[in-house]
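Take 7 as the starting number for the sequence shown in this note's numbering and just add one per residue. Quick reminder that beta carbons are idealized off the backbone N, C-alpha and C, glycines included. Remarks on the structure that follows.
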Amino acid sequence: MNSTSGDDPRLFRLSPEDNIRVALQELKPGERILVEGQWLQVQDRIPAGHKVAIRPIAVGEKVIKYGCPIGSATQPIQPGQHVHTHNLQSDYLPS
């Protein structure tokens, strides 16, 4: 699976169930990205290959990638924010 017509071409959609997208190139704070036909503002620098939230993720909520949970949010994550080790605890690796 890949980008849909409602997604910015700089984002990669791995699975319809995901609450993240993968940045195909660096995204900078303040840039606008189109996700599922809705405009979001990038909140943080998102390096290429990293995850960006596409909807709100509450503390303890699962981050879904490839249609599967990969970890739990350790703090609230807003759409457009970088999702990485600073706000995500792995379900598979000890922290």
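Check                                                                               : Outcome
Opening and closing residue of the beta strand (DSSP E) in which ALA59 lies         : 57 to 59
Exposed unless 16 or more other CB atoms sit within 10 angstroms - verdict on LEU99 : exposed
Euclidean distance between Cα positions of ASN8 and LEU30                           : Because the pLDDT at ASN8 is just 46, under 50, the model does not fix this residue reliably, and the point stays unresolved.
Status (buried if at least 16 other CB within 10 Å, exposed otherwise) for GLY43    : exposed
Among ARG16, GLY36 and SER96, the one whose alpha carbon lies nearest that of GLN87 : GLY36
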